[in-house]
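These notes concern the structure reproduced below.
4 protein chains.
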Amino acid sequence: MVIVMQQGASAPQVEAVIDQVQKQGFTPFVNPGVERKVIAVLGVVDSQKVTLVDQFESMDGVERVTLISEPYKLSSRNYHPQNTVVEVGDVRIGGPEVVIIGGPCSVESREQVLETAHAVKDAGAKLLRGGAFKPRTSPYSFQGLGVDALKILAEAREATGLPVVTEILDPDDLELVADYTDVFQVGARNMSNFRLLSRLGRTDKPVLLKRGPSAKLREMLQAAEYVMVEGNHQVILCERGIINFDDACRNTTDINAIPVLKYWSHLPVILDPSHSTGYTRYVTPIARGGVAAGADGLIVEVHPNPSKALSDGSQALKPEQFRQLVQEVSRVAHAVGRQM
Amino acid sequence: MVIVMQQGASAPQVEAVIDQVQKQGFTPFVNPGVERKVIAVLGVVDSQKVTLVDQFESMDGVERVTLISEPYKLSSRNYHPQNTVVEVGDVRIGGPEVVIIGGPCSVESREQVLETAHAVKDAGAKLLRGGAFKPRTSPYSFQGLGVDALKILAEAREATGLPVVTEILDPDDLELVADYTDVFQVGARNMSNFRLLSRLGRTDKPVLLKRGPSAKLREMLQAAEYVMVEGNHQVILCERGIINFDDACRNTTDINAIPVLKYWSHLPVILDPSHSTGYTRYVTPIARGGVAAGADGLIVEVHPNPSKALSDGSQALKPEQFRQLVQEVSRVAHAVGRQM
Amino acid sequence: MVIVMQQGASAPQVEAVIDQVQKQGFTPFVNPGVERKVIAVLGVVDSQKVTLVDQFESMDGVERVTLISEPYKLSSRNYHPQNTVVEVGDVRIGGPEVVIIGGPCSVESREQVLETAHAVKDAGAKLLRGGAFKPRTSPYSFQGLGVDALKILAEAREATGLPVVTEILDPDDLELVADYTDVFQVGARNMSNFRLLSRLGRTDKPVLLKRGPSAKLREMLQAAEYVMVEGNHQVILCERGIINFDDACRNTTDINAIPVLKYWSHLPVILDPSHSTGYTRYVTPIARGGVAAGADGLIVEVHPNPSKALSDGSQALKPEQFRQLVQEVSRVAHAVGRQM
Amino acid sequence: MVIVMQQGASAPQVEAVIDQVQKQGFTPFVNPGVERKVIAVLGVVDSQKVTLVDQFESMDGVERVTLISEPYKLSSRNYHPQNTVVEVGDVRIGGPEVVIIGGPCSVESREQVLETAHAVKDAGAKLLRGGAFKPRTSPYSFQGLGVDALKILAEAREATGLPVVTEILDPDDLELVADYTDVFQVGARNMSNFRLLSRLGRTDKPVLLKRGPSAKLREMLQAAEYVMVEGNHQVILCERGIINFDDACRNTTDINAIPVLKYWSHLPVILDPSHSTGYTRYVTPIARGGVAAGADGLIVEVHPNPSKALSDGSQALKPEQFRQLVQEVSRVAHAVGRQM
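The listed protein sequences correspond, in order, to chains A, B, C and D.
Numbered per our numbering, the first sequence spans residues 17 to 356.
Numbered per our numbering, the second sequence spans residues 17 to 356.
Numbered per our numbering, the third sequence spans residues 17 to 356.
Numbered per our numbering, the fourth sequence spans residues 17 to 356.
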């Protein structure tokens, strides 16, 4: 049983709940480091549940009491049967429209970003992506332009009207990145960075959560839960490819993840066919496949000159290839009853 | 260097080539158990190649001499740039049309098969699938009705006009199965049963080759090569899901395999969304995704009463669900420029 | 419920059981292609079980009636609590002694095998391994010397007294291979070749069963079950590495498999550190690790001149490296209370 | 080419190097958020390298210029051929002695930790482990006692003399954790938390780096590189099991990782047989296997009452089981020429 306190519940209110848990003979565990206190009560047997839920839900400062049967709760479609639609400016992700996010892997220069932003907007993209802080396997690889990149992205937003998605690596950067971005991206390597997730749960901006390369789908929904339990329910799930035994592609696109996540959860689900394949020539077929399988959107890497990209050039599309992708995907979207 | 002899090359012709290889200072290795002799000559250095190819290609009984740069050759698009179209009766797999194969996992009874065959034909399937010999993990599981099943399939073909696809497990069953089937299916567990593949290479019926659950795509093409080197080039590649770390589905649909195999090879590529997902509710979305990504066809399990199926009931579609699948897939097929 | 008939049960006896199953309202399924008939009765509910077991066990020709709770039965330690010891001549595998099998991957020549056989015997090996028929991913790779190799192995046995282990690929080769070998090896690619397993179950020679590269341990025990249900309980399980996402080694040595298989099953468990690592320099450390973790033996590739081996040279040990391995492993074996 | 500046290099020194890079026609990239600046110069062709290295190494404030052939450098055995020995108080990890770290998964109470600490010390452990901050898949799971746990660990150190290993989750906790621990543990989920790694690289305490559950060994060494490039070379590598397709154990112990990491790197390598198996009954056999394969130590979960543990009880050893483990491992250690 989990007792979720209201945001801003007072210390005496929390203490009173803890006291009551102890009086009932249970050991309470309060999750540390979380603004909205969650008190876990372990060992409740079935026959006690109804009584205890009533009792604790009536206490001051308690928001709700949850009996968990699945390992995720707020992200479950059982909890919230209708689709969640995440709004970013005028863009609605998770509704009838298939939404495409385009832009470079890394922000490299003002010219590169502005050129790309105009190109992806003209082609039909609704949001602009671009990396300011890049998590790189090697400390000797290009790590992103940091705050300069954020400023360039903001300028591109102003020039094109496209809202911006960029990755946040570190809770300490939260205020800085929040000043510039419209959507926080959590990268695959950070899917289990629970501190980062908790802090994003206390912001009011949507979170685009990428699946870890070896995360089970149940684990991904539990990562979303870390954000949601803090009060921010604007989470977009993103399949970006999983590790596997074959080296034919950079990753394996787990296309099953799309209908599975849509069945288990009410959150929007998008696909990143750039990382999930790793080769330009496979991006468009897999983008089509993802939308046909029910994806609510795509996030695609575009670079004006892929062969000179500082990261992930082998999987980037040129603007004209991106335009072709949007056209092909649009036809598929309509064939499966979506708009675009 | 590989010297491929003509089918029916005489023993003296083979001996002459072997002698010549030895005279050149190499050790010849003749693949045993193969009707069409292939003589591998190991250790040829680059500077010798041109001369040796000319020399051996001019010998009696030699069909061709191959210098291998990829691990597969006859199945490579470099060797055969245009798409191969496999013909089964009037059905053409690998051409503009997307072809759907439907039917039960196992043949259980005459009524079940006839009912299913009529239903899938009415819905738009072009071939009938059904298992007579079933490879089962446990010796205590239902292993198929054997020859009785083959007879039922043949009766269903007569009743509906649908050509039949059925699995062959054992080279010893080859003549028996050949009497009834139109296409030999090689199951995932047998993708590396090289003796079986070689013998199928000496038949004149198409082979539907399923990918092993942990086979790399390069290994799959080499398995196709075992069939093709014997003279039978009518091979259909089938992605049917790979093993992975998540248990959300029975397998992971490796949708990347579709554009990768189409890029590397000229052979037709189809998808089995039933095995690759394992749950009825995900079959249709993944079928749509596969065709959108470029699949030339689908093989789908259909059962009049899935809850009573003797094998794989949890992934079978009822006839009306299959009809719906065909309609949805047809719209996607047209959206990507295919016919159906 | 599974009714196992006696070997040689008469057709009328089998028919009588089948009739009785039908009279009870169940559909019997008789596994085809199996000498010892096994009749599966599906759909028995718990309340009927005791009565039905009694009834069928009293019928003529019935050996036993089994209620299955695990997916494997005859290989289960629940069924047979003490360790099985497989005897090959004077060698006992599965008892207190750790047994080492050494020899080349492929038989390449008489000299190579005789030299290696003497060397491994002198170093302390108890059996000689060597491949006559090689399953190769590519049809253009060396496929083994076939019957000539079998004769060379037999000669090496005569010269050294070491019993021989060699792989069988095809049920059709069974009589031929049986004439020369002491132990049938089933390779990783054939772990799910159920026809081959069934036929080996009707021989009286031990079977060394290699784990498929992506086989779950439960599936491996079910493969052993295919042999055992036919009457041959002399099965040796062999971990030889599993596929994975890292390319640091050829395979991942699943060392956990050793204590897991020993816990679940009474069959002997050995390790192949040559295939499970793929690099000579890692073979000895992993051999030590396997024995420390409880392996009953090792199967190790040895070649007098690894750089000239026709297959798997990168993982072969020279005779002096093998001698060193045996010495190091022997110290570890004694440290864990085993003999060698 | 990578130019590593001295710690404390002045801003003008860094600027001068950047200017010089630009004058040579290259674009410099300075890794942000790193105290010790590293300037990456991309696109240097081979013919320029010798000249450029000389030129930049002579500039003020430059510590070294590195031409990278492997993706890791400071952790490479090519760079540092002899074994690194990490010292924690009197304990030396990576030398002749095999070192065992024991203690509970989570700190649950003062009594639990003190009892366990005395027990593991008596049994032969040299360090005490215990989790204060626990990264948990679910936000509803017990997350650790935080600072209270740190105080309990410090008390146990005082009582027993055992240095303490505890996990750090968040760079923001660094000073707090540093006040109590002797070794920072980086958990598997944080192996790619590059910000955390960089900050640990600027401390003077050893870092025990656990391998991510799907990290390639090369990626693990690059994670170590993030620590080392900041100046802290006291890194201990820890194999703790990788994900896989079988569910027989919690993880797959990648025992190959031990000799591979020892071959590629000079850093000490230890094994966590508790997480790598997940079941108490397999911990000791795998611990023996790890040491036989060359591990420099073990980290083992011990709990006075595993069935009541708040986390990971199914894999914890009771004190008497741990004592038995130490004795068995000690015999194996001596058999492979190590001390204990």
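Each residue gets a CB set at the ideal place from its N, CA and C atoms; glycine is no exception.
So for Gly16/C, helix, strand or coil by DSSP?
Here chain C covers residues 17 to 356 and nothing more, so residue 16/C does not appear.
Who are the near neighbours of Ala309/D in its chain, counting only those whose CB is closer than 8 angstroms to its CB and skipping five residues on each side?
Excluding positions up to five away in sequence, the list reads Ile271, Ile274 and Pro275.
Any C-beta of chain D under 7 angstroms from that of Ile184/A:
The beta carbon of Ile184/A does not come within 7 angstroms of any beta carbon belonging to chain D, so the residue lies off that interface.
Output, in chain order, the set of chain C residues within a Cβ distance shorter than 7 angstroms of Phe261/A.
Correct list: Ile259, Asn260 and Phe261.
Measure the alpha-carbon distance for Val61/D versus Val163/A and round it to whole angstroms.
Answer to the nearest angstrom: the Cα atoms are 30 angstroms apart.
Helix, strand or coil: how does DSSP classify Val60/C here?
In the structure shown, Val60/C sits in coil (DSSP, three-state: anything other than H, G, I, E or B).
If you pair each beta-carbon of the stretch 163 to 178 of chain C with each one of the stretch 25 to 40 of chain D, do three or more pairs fall below 8 angstroms?
As far as the Cβ criterion goes, the stretch 163 to 178 of chain C does not touch the stretch 25 to 40 of chain D, which means the pair count is below three.
Run down chain B in chain order and give the residues with a C-beta less than 7 angstroms from the C-beta of Tyr242/A.
Among the residues of chain B, none has a CB under 7 angstroms from the CB of Tyr242/A; the nearest is roughly 19 angstroms distant.
Taking the beta carbon of Ser74/D as the centre, do at least 16 other beta carbons fall within 10 Å, making it buried, or is it exposed?
Of the other Cβ atoms in all chains shown, fewer than 16 fall within 10 Å of the Cβ of Ser74/D; this residue is therefore exposed.
Just reading off the beta strand (DSSP E) that Phe200/C is part of, what are its end residues?
Here the beta strand (DSSP E) through Phe200/C covers Val199 to Val202.
Cα-Cα separation, Leu90/B to Met244/B:
Distance between the alpha carbons of Leu90/B and Met244/B is about 7 angstroms.
Got a sec? Which residues, its chain only, sit under 8 angstroms from Leu277/D by beta carbon, not counting five neighbours each side?
Excluding sequence positions up to five before and after Leu277/D, its CB lies within less than 8 angstroms of the CB of Leu233, Met236, Leu237, Leu253, Glu255, Leu283 and Val285, all in the same chain and listed in chain order.
Rounded to a whole number of angstroms, what is the C-alpha to C-alpha distance between Gln128/A and Gly146/A?
Rounded to whole angstroms, Gln128/A to Gly146/A spans 11 angstroms at the Cα level.
Specify, as a first and last residue, the run of the beta strand (DSSP E) that Ile258/C falls within.
Taken as a continuous stretch (DSSP letters only), Ile258/C belongs to no beta strand (DSSP E), as it is neither H nor E.
Ordered along the chain, which non-local residues of its own chain (more than five positions away) have a Cβ less than 6 angstroms from that of Pro179/D?
Around Pro179/D: Val104, Gly105, Leu143 and Asp198.
Give me the Cα-Cα distance between Leu314/C and Arg339/C, rounded to the nearest whole angstrom.
Straight-line Cα distance between these residues: approximately 13 angstroms.
Taking C-alpha atoms, which residue in Arg347/A, Ser327/A and Asp262/A lies nearest to Phe149/A?
It is Ser327/A.
Kindly say whether Asp270/B, judged by its beta-carbon, lies nearer than 7 angstroms to any beta-carbon of chain A.
Taking Cβ atoms only, chain A reaches closer than 7 angstroms to Asp270/B, which makes this a yes.
Against Arg205/C, what residues of chain B qualify as contacts under a CB-to-CB distance less than 7 angstroms, listed in chain order?
Ser208, listed in chain order.
Short check: CB of Val239/D to CB of Leu216/D, under 7 angstroms?
This sequence places Ala at residue 239/D; Val is not what is there. Contact: no.
Is it right to say Leu166/D is buried, meaning 16 or more other beta carbons lie within 10 angstroms of its own, or is it exposed?
Buried: at least 16 other Cβ atoms inside 10 Å.
Closest to Thr268/D by CA distance: which of Asn248/D, Tyr298/D and Asn321/D is it?
Just measuring C-alpha positions, the residue of Asn248/D, Tyr298/D and Asn321/D sitting nearest Thr268/D is Tyr298/D.
Could you tell me the distance, in whole angstroms, from the CA atom of Arg52/A to the CA atom of Ser92/A?
Cα-Cα distance, rounded: 20 angstroms.
Using a Cβ cut-off of 7 angstroms (strictly closer), state whether Val316/C contacts chain D.
No, Val316/C lies away from the interface with chain D (no Cβ there is under 7 angstroms from its Cβ).
What distance in whole Å lies between the Cβ atoms of Ala135/A and Pro335/A, which are believed to be in contact at a cut-off of 8 angstroms?
About 4 angstroms; that satisfies the 8 angstroms criterion.
Min CB distance Ser281/D to chain A below 7 angstroms
Interface flag for Ser281/D against chain A is unset, since no Cβ pair is found closer than 7 angstroms.
Can you tell me which residues form a DSSP beta bridge with Ile109/D?
BP columns for Ile109/D point to Val102/D.
Are Arg354/C and Val114/C closer than 7 angstroms when you measure CB to CB?
Yes, the Cβ-Cβ distance between Arg354/C and Val114/C is below 7 angstroms.
Residue range of the alpha helix (DSSP H) that Thr176/C falls in?
Start and end: Val163 to Thr176.
Gln343/C versus Ser323/C: straight-line alpha-carbon distance, rounded
The straight-line gap from Cα to Cα measures roughly 24 angstroms.
Beta-bridge pairing of Arg354/A - partner residues as DSSP gives them
None; Arg354/A has no bridge partner.
Could you give the DSSP three-state label for Glu86/B: helix, strand or coil?
In the structure shown, Glu86/B adopts coil according to DSSP, grouped into three states.
If you draw a straight line from the C-alpha of Ala332/D to the C-alpha of Arg266/D, how long is it?
Going from the Cα of Ala332/D to the Cα of Arg266/D covers about 13 angstroms.
Environment of Gly228/D [buried if 16+ CB atoms lie within 10 Å]:
Buried: at least 16 other Cβ atoms inside 10 Å.
If you compare alpha carbons, which of His350/D, Asp195/D and His249/D is closest to Ser281/D?
Nearest of His350/D, Asp195/D and His249/D to Ser281/D, Cα basis: His249/D.
Per DSSP, the bridge partner or partners of Arg80/A
BP columns for Arg80/A point to Val20/A.
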